[in-house]
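Visitor: Heads up: the sequence shown runs through residues 27 to 169, numbered per the working numbering.
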Amino acid sequence: MSQARTMARRCAVQALYQWQVTGQNVEEIHQQFLVERNMSNVNVKMFHELLSGVTKELDKLDEKIQPYLDRDIAEVDPVERAVLRLGTYELMYKPDVPYRVVINEALEAVKTFGAEQGHRYVNGVLDKVAQDVRQLEVKRNSR
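1) Less than 7 Å between C-beta atoms, sequence neighbours within five positions excluded: which residues of the same chain meet that for G79?
2) For N24, name the three-state secondary structure that DSSP assigns.
3) Within 8 Å, do at least three Cβ pairs link the region 73-88 to the region 52-62?
4) So R160 and Y125 are supposed to be a Cβ contact under 8 Å. How far apart are they, rounded?
5) Which of helix, strand or coil does DSSP assign to P104?
6) If I'm right that R35 touches L95 with Cβ under 8 Å, what's the distance once you round it to whole angstroms?
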């Protein structure tokens, strides 16, 4: 697992959080990150792909996540919501990334930016999304 990819995910979580909370244009947020942050240790191409992918596929992602939530997605903590959307995006659109890596990276992001027990909630939801979206991969790994 590359540090540059981990940093891309973390920046994407922060950018998605900012987008959700402020409603600011996603392209402006992207540019702001490139200008105002040290992105030398970030996979910038991946950061851009994740940020634009999540915002473009938002309705599909929320539709996939919602059945596994105990409340409406709008009521989920904004950090956890950003992480759930990012993780679900990777599960759905990045089959080259093993589902366990997606979930592990999501948990680390929540532990870094979210509430104290947020990782448990995110783990439970993403595990169910993975079982839905990546059935064969999950079955292969549970043997």
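Even glycine gets a Cβ: it sits at the ideal position worked out from N, Cα and C.
No experiment lies behind these values; they were computed from the predicted model shown.
Guide: For this structure:
1) Y115, Y119
2) The shown model of the chain, from 27 to 169, leaves out residue 24, and the question about it has no answer.
3) yes
4) 5 Å
5) helix
6) With 8 Å as the limit, R35 and L95 do not qualify as a contact, their Cβ atoms being about 21 Å apart.
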